[in-house]
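Chains as they are written, first to last, in our numbering: chain A, 281 to 591; chain B, 7 to 530; chain C, 4 to 313.
Backbone N, C-alpha and C define an ideal beta-carbon position, used for all residues, glycine too.
What follows is one structure encoded as structure tokens, with my remarks underneath.
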Amino acid sequence: MTNYILKRLGQGLLTVFLTVSTVFILIRMAPGDPAVSYAGPLASNEQLAAVREQFGLDKPVLEQYWIFLQQLFTGNLGQSYSFQAPAMQVVAERMPYTLTLATAAILLTAVVAIPLGVWMSRRPDTGKELGVNVLTIAGQSMPDFWTGIMLLTGFAVLIPIFPASGFATWGGLVLPTITIAILQIALISRMVRREMTTNLAAPFLTVARSRGVRSSALTWRYAMGNSAIPVFTALGTRFAAMLNGVVVVEVVFAWPGVGSLIVRALETRDYPLIQATVLLTALLAVGVQLLIDLAYPLLDPRVRLGKAATA
Amino acid sequence: MTVLPQGSEISRRRLLQFGAAAGFLLGTGSLAGCAGPTGLPGPSTLTLALNRSLVSLDNKLNQFDAAVTVQRAVRQGLTAIGPETKPVLVLAERFEMTGPTEWTVTLREGIRYSDNSPVQVEDVATALKMYQQVQGSFVAGFFPEFPDVVPVDDRTFRMVSKKPIPILDSLMSMILITPAAQNKPEELQEGVGTGPYVVTRFNRGAGTYSLERNKNYWGPAPQVDNVEVRFLPEESSRVIALRSGEVDVIDSITPDSREQLAGLPGVELQEASSLRLNQIFFNFRKPAGHPLADPRVRQALSMAIDGEALVRDVLVDSVTQAEGVTPSSLTGYHKTGEYVYDPEKAKATLEELGVKDLTLKIIWETGEFASDTSVMEALVEMFGKIGVKAELQQFEPGGNILAWRQGKQGDWDLLGNGYPSPTGLAITMLQGMYSGTPEKEATRDTYQGYVIPEVTAKIQAASAEADPARRTELLNDAQQAVWDTWPCAWAFVPKSVLAHRERVSGINLAPTNSYPLVDVRLEA
Amino acid sequence: MSLDTATPAPGGAGETVRQPSPSAVTKADIARAGATRRRNAAKWKLIVGTICTLLVIIPIILAQVLPLPDANFQDLGARRLPPLTDGHLFGTDQLGRDLLSRVLHGGQVSLTIGLLAVLVSGAIGIILGAAAGYYGGWVDTIVSRVLEAQMSLPLLMMLLLVVALFGPSIPVITFVIAIAQWPEVARLTRSMVLVEREKPYVSAARILGLHKIQILIQHIIPNVIKQATLVVLLLLAQAVLLESALSFLGAGPQRPFATWGRIISDGQDYITTSWWMVTLPGLVIVLMVVGVNLLGDGLRDRPRRKKKGA
Numbered sequence: 281m282t283n284y285i286l287k288r289l290g291q292g293l294l295t296v297f298l299t300v301s302t303v304f305i306l307i308r309m310a311p312g313d314p315a316v317s318y319a320g321p322l323a324s325n326e327q328l329a330a331v332r333e334q335f336g337l338d339k340p341v342l343e344q345y346w347i348f349l350q351q352l353f354t355g356n357l358g359q360s361y362s363f364q365a366p367a368m369q370v371v372a373e374r375m376p377y378t379l380t381l382a383t384a385a386i387l388l389t390a391v392v393a394i395p396l397g398v399w400m401s402r403r404p405d406t407g408k409e410l411g412v413n414v415l416t417i418a419g420q421s422m423p424d425f426w427t428g429i430m431l432l433t434g435f436a437v438l439i440p441i442f443p444a445s446g447f448a449t450w451g452g453l454v455l456p457t458i459t460i461a462i463l464q465i466a467l468i469s470r471m472v473r474r475e476m477t478t479n480l481a482a483p484f485l486t487v488a489r490s491r492g493v494r495s496s497a498l499t500w501r502y503a504m505g506n507s508a509i510p511v512f513t514a515l516g517t518r519f520a521a522m523l524n525g526v527v528v529v530e531v532v533f534a535w536p537g538v539g540s541l542i543v544r545a546l547e548t549r550d551y552p553l554i555q556a557t558v559l560l561t562a563l564l565a566v567g568v569q570l571l572i573d574l575a576y577p578l579l580d581p582r583v584r585l586g587k588a589a590t591a
Numbered sequence: 007m008t009v010l011p012q013g014s015e016i017s018r019r020r021l022l023q024f025g026a027a028a029g030f031l032l033g034t035g036s037l038a039g040c041a042g043p044t045g046l047p048g049p050s051t052l053t054l055a056l057n058r059s060l061v062s063l064d065n066k067l068n069q070f071d072a073a074v075t076v077q078r079a080v081r082q083g084l085t086a087i088g089p090e091t092k093p094v095l096v097l098a099e100r101f102e103m104t105g106p107t108e109w110t111v112t113l114r115e116g117i118r119y120s121d122n123s124p125v126q127v128e129d130v131a132t133a134l135k136m137y138q139q140v141q142g143s144f145v146a147g148f149f150p151e152f153p154d155v156v157p158v159d160d161r162t163f164r165m166v167s168k169k170p171i172p173i174l175d176s177l178m179s180m181i182l183i184t185p186a187a188q189n190k191p192e193e194l195q196e197g198v199g200t201g202p203y204v205v206t207r208f209n210r211g212a213g214t215y216s217l218e219r220n221k222n223y224w225g226p227a228p229q230v231d232n233v234e235v236r237f238l239p240e241e242s243s244r245v246i247a248l249r250s251g252e253v254d255v256i257d258s259i260t261p262d263s264r265e266q267l268a269g270l271p272g273v274e275l276q277e278a279s280s281l282r283l284n285q286i287f288f289n290f291r292k293p294a295g296h297p298l299a300d301p302r303v304r305q306a307l308s309m310a311i312d313g314e315a316l317v318r319d320v321l322v323d324s325v326t327q328a329e330g331v332t333p334s335s336l337t338g339y340h341k342t343g344e345y346v347y348d349p350e351k352a353k354a355t356l357e358e359l360g361v362k363d364l365t366l367k368i369i370w371e372t373g374e375f376a377s378d379t380s381v382m383e384a385l386v387e388m389f390g391k392i393g394v395k396a397e398l399q400q401f402e403p404g405g406n407i408l409a410w411r412q413g414k415q416g417d418w419d420l421l422g423n424g425y426p427s428p429t430g431l432a433i434t435m436l437q438g439m440y441s442g443t444p445e446k447e448a449t450r451d452t453y454q455g456y457v458i459p460e461v462t463a464k465i466q467a468a469s470a471e472a473d474p475a476r477r478t479e480l481l482n483d484a485q486q487a488v489w490d491t492w493p494c495a496w497a498f499v500p501k502s503v504l505a506h507r508e509r510v511s512g513i514n515l516a517p518t519n520s521y522p523l524v525d526v527r528l529e530a
Numbered sequence: 004m005s006l007d008t009a010t011p012a013p014g015g016a017g018e019t020v021r022q023p024s025p026s027a028v029t030k031a032d033i034a035r036a037g038a039t040r041r042r043n044a045a046k047w048k049l050i051v052g053t054i055c056t057l058l059v060i061i062p063i064i065l066a067q068v069l070p071l072p073d074a075n076f077q078d079l080g081a082r083r084l085p086p087l088t089d090g091h092l093f094g095t096d097q098l099g100r101d102l103l104s105r106v107l108h109g110g111q112v113s114l115t116i117g118l119l120a121v122l123v124s125g126a127i128g129i130i131l132g133a134a135a136g137y138y139g140g141w142v143d144t145i146v147s148r149v150l151e152a153q154m155s156l157p158l159l160m161m162l163l164l165v166v167a168l169f170g171p172s173i174p175v176i177t178f179v180i181a182i183a184q185w186p187e188v189a190r191l192t193r194s195m196v197l198v199e200r201e202k203p204y205v206s207a208a209r210i211l212g213l214h215k216i217q218i219l220i221q222h223i224i225p226n227v228i229k230q231a232t233l234v235v236l237l238l239l240a241q242a243v244l245l246e247s248a249l250s251f252l253g254a255g256p257q258r259p260f261a262t263w264g265r266i267i268s269d270g271q272d273y274i275t276t277s278w279w280m281v282t283l284p285g286l287v288i289v290l291m292v293v294g295v296n297l298l299g300d301g302l303r304d305r306p307r308r309k310k311k312g313a
């Protein structure tokens, strides 16, 4: 068990390291110059050179990478150019907002998608189910920025019941959460339906049914019990993905999270800020994945972690 | 799916565990890190939504239009650019040229910072030094040299330079005064100022600032108790936030938003001219034989542009066509000519000059000016009508447009670009754009390769002239010389437009696209 | 799925008691049976999916032939006309261009990008996935690690970075979407090849002395390609969505190429006064993506073996 955790932890950290290294190379290959964003369009070439020197961007890339590695181990990725504050601190100030949004969205998804999927699996291919099925297909077919703009127009402009942007009141959480959840509910409920249909048709269920177990128990305890792991994994993976920034939705709703931060950091070529965002979000995402893995034996006593990894 | 002989007991336990695990994960993993809402401002709070994030309340490095209003509410300079784009006194009660290379300044009596400490001559000397030391400073570029501060008495000092700086009173409006001990050669994040407001809370990451009335303010007390500054980068978000009353003021709004907001109940609009000139600028790095190297070709191309239609239909009257090489709001502006729309003549002239199969590449950066993409797409059509093909290359912010502009990446013909004159003076703009020299061109530091020695000489003569009447004459002459070289296919002066809720009054929008927060009032 | 594993009709434990005599199964029972419903639902999805997809794709293909104004023709005097005025079915945009024409021409760009992207991602995914599944060992290790690493990357951000890196052109955006999508195909192909490789026909081919690559290409891949292409079809829908998201964030192909995402993001500024500039292009995307998804669903659920008369 401990070995397994250590191994997974090692793998996770390796992934994070490779990710930040890839980003390090990519942003330095990309055209655009942080000094220009920093000093403005009127700066002379001499001034720009001075700024580059100040940021250490005049050094050879390998040396910059070496400095970056040292920073990585001390956990201080340097000053953000555009915020003129420690980059990690800027990201840390934004992270809670993304977490809030992601948590709200995943809770809403779980609460709606699981019962919906179960409902669908109990009457597959009937007229009603087909209707809901098409709705879920529509849910996964809408571009999220479009859904966002539509909700914004509908419920913040035409019928102004929710604030349009930012997070001044809890009401501000509603529209972005729904925007994200529409897609997620569609995906998860379809997955629950698939899993449940398979399980409801499995022989062990026929046996249980023949023993006279009640229908609701069949559905929830027997079939759902066996679908728990894949559904839980899917929810967890989705949650981890959201931590990487629900970029589009944050942009549409001016949500002060890391998604809109990264767009801005890219625009200003704020290298330390890009690095810090990627590092923190990747760490969080890997952490959540690990937690999901650790939760398996709780969900299913058959799972032994060390063996599950090699199976 | 594996078939498992399992009873209901195990299933029930598993279900319980499922719930427990999910709760455990969500509980520890995320809820702990979540944020609550930032809270709604009270009725006595004025909420501003800016389109740029206020990184600091200092301007040593950069100064965006959006920042000026808030900046000047916390920190002030000796002077400020007033409503007529002329310098007005703020912390100084006297700012006079007392010799060709010398200005004498007296500080206002009894002015104190928000921490109640007095403003001293030393603070001014330190501030100048700090601005000088910042790398890539936006302000330093406007100073031909930094003058020395020579104290005379407690409140009086002389500013001495090697060469005459006849515009020092305007230039000093950009230097914000902070206690010497707290000033550093970087943008100050906190610290005290002399302005009517003090910062109580800020979150740089989210770009929010909370201001409170400065109890030690030296002038008449501000009317509004609290000011909240928010950052909403998307124009549509800002418009919707204003409509719904979430925010009280949004500034620098685009023509489209203005159209959407005009006539809405509860919303009022204000506009002012601006210190900016937006141009469709020719590439002056073309080799001698190239059609664009000929001013007659440049003039002919400008005739293809239906400026009136652009102003009326695309920019919905939110701009005025330029009638010179600087905005008419600037001190020292001179009218030099007009852009005329005459496609037939354009075609004929091009034919006469033997220009055939001309293809133009237009480059610009997204957001350089309002409705930029629409203007560019309209230009393509207009050039098409005189038989000139045009292609567009749009750069996203952060991209390498600078390398392109300097001719290091690729060739282009026209550039969509804006140029401000934060001093409110025409000479600043002329110096920045048209006084290129071969030495500067060697490092590509000229404005799109514009190096015309006669023009440069005229601008330099005007900038060093101490006699006001003679200076005006030289300045007019220089502007006419620039116009005759047809540097722009088209140019226009945007208006600064601001929208506010009805309950807000006392906003006096100046051409600097800012307004004194101290005069703003709120109705309950 | 064969009949005996189909779900018994739900609604109570009583119904599940089966009668031994086959004669008790009436035609009505068959009509109500899960398999029949499933077949009907699949058929219905196929039909509706085809209709939705064609409704969008045919006008897009015919955009040049249809009697529409040029997508770039501007009439500054006829700006932001609402739908159904002056012969503009979808209205006009901020420069007086016909919105329908722009949506159709934009669709050509968006669809081309989507199609090319899924072709590339399908090819990469099938080749690498098949290789990983068939050869195992270090090939599998490398492919699986890369797959895993890519899953944990902040995808959209990486795409934005790469587009910024190489400039927003159609080939770059196509490539970027392909890179984002190949893991799904690769993973599926790999798992299917893992199963196929143990089947007797592969051993037979091996005993006959066929080369490994020949077995893989001639025997295994044809057996998995059908299911893999089904996934590729669903990826087409995703590719269109991804392209529009990139364009929305400013990383679309250079103007004047109007892609769906760009039309919507341009229209966003006019949302309170000109609803059609955002709503209609979005609906076109939704219609088309719903169509493709329904088609994919229908194809997947369709009974594998076609029985005569059944």
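What are the boundary residues of the alpha helix (DSSP H) that includes C:Tyr204? Pro203 to Ile210
Runs of beta strand (DSSP E) wholly within the segment 459-526 of chain B (minimum 3 residues, chain order): 494-500 and 502-507
Check C:Ile54 in the structure and name its three-state DSSP category. helix
Nearest to A:Pro314 by alpha carbon, out of B:Val524, B:Ile407, B:Ala516 and B:Asp417? B:Ile407
Taking the alpha-carbon positions, what's the A:Ala385 to A:Thr457 distance? 5 angstroms
Going by DSSP, which residues form a beta bridge with B:Ala86? B:Val94
With a 10 Å radius around its C-beta and 16 neighbouring C-beta atoms as the bar for buried, classify C:Arg141 as buried or exposed. The sequence shown places Trp at residue 141 of chain C, rather than the Arg named in the question. C:Trp141 should be labelled exposed.
Among B:Thr75, B:Pro47 and B:Asp483, the one whose alpha carbon lies nearest that of B:Gly343: B:Asp483
Is A:Ser317 near A:Ser362, with beta carbons less than 8 angstroms apart? yes
So B:Gln266 and B:Val253 are supposed to be a Cβ contact under 8 angstroms. How far apart are they, rounded? Not quite, the Cβ-Cβ distance comes to about 15 angstroms (not below 8 angstroms), so this is no contact.
Please check the pair B:Leu54 and B:Val255, which I expect to be a contact at CB under 8 angstroms, by giving their CB distance rounded to whole angstroms. 5 angstroms
Considering just the uninterrupted stretch of the alpha helix (DSSP H) at B:Lys353, what are its terminal residues? Pro349 to Glu358
Helix or strand or just coil, what does DSSP make of B:Ala268? coil
Cβ of A:Pro423 within 8 angstroms of any chain C Cβ: yes
Among A:Leu286, A:Ile394, A:Gly428 and A:Val398, which has the Cα closest to the Cα of B:Ser242? A:Gly428
Looking at C-beta atoms only, is the number of pairs between the segment 431-441 of chain B and the segment 468-486 of chain B that lie closer than 8 angstroms three or more? yes
B:Gln154 bridges to which residues according to DSSP? The sequence given here places Asp at residue 154 of chain B; Gln does not occur at that position. Partner(s): B:Val166.
Distance, Cα to Cα, B:Asp323 vs A:Gly419? 42 angstroms
Grab me the residues of A:Ala319's own chain with a C-beta within less than 8 angstroms of its C-beta, minus the 5 sequence neighbours each way, in chain order. Gln327, Leu328 and Val331
Using a Cβ cut-off of 8 angstroms (strictly closer), state whether C:Ile288 contacts chain A. yes
Roughly how many angstroms lie between the CA atoms of C:Met4 and C:Leu65, to the nearest whole one? With a pLDDT of 39 at C:Met4, under the threshold of 50, the modelled position of this residue cannot be trusted; read the value that follows with caution. Roughly 40 angstroms between the two C-alpha positions.
Quick check on the burial criterion: 16 or more other C-beta atoms within 10 angstroms. Buried or exposed for C:Gln271? buried
May I ask you to report which of helix, strand or coil DSSP gives A:Glu409? helix
DSSP beta-bridge partners for B:Pro426? B:Arg282
If I'm right that B:Leu421 touches B:Gln454 with Cβ under 8 angstroms, what's the distance once you round it to whole angstroms? 6 angstroms
Short CB-CB distance (under 8 angstroms) between C:Ala44 and chain A: yes
For B:Lys464, is the classification buried or exposed, using 16 other Cβ atoms within 10 angstroms of its Cβ as the cut-off for buried? buried
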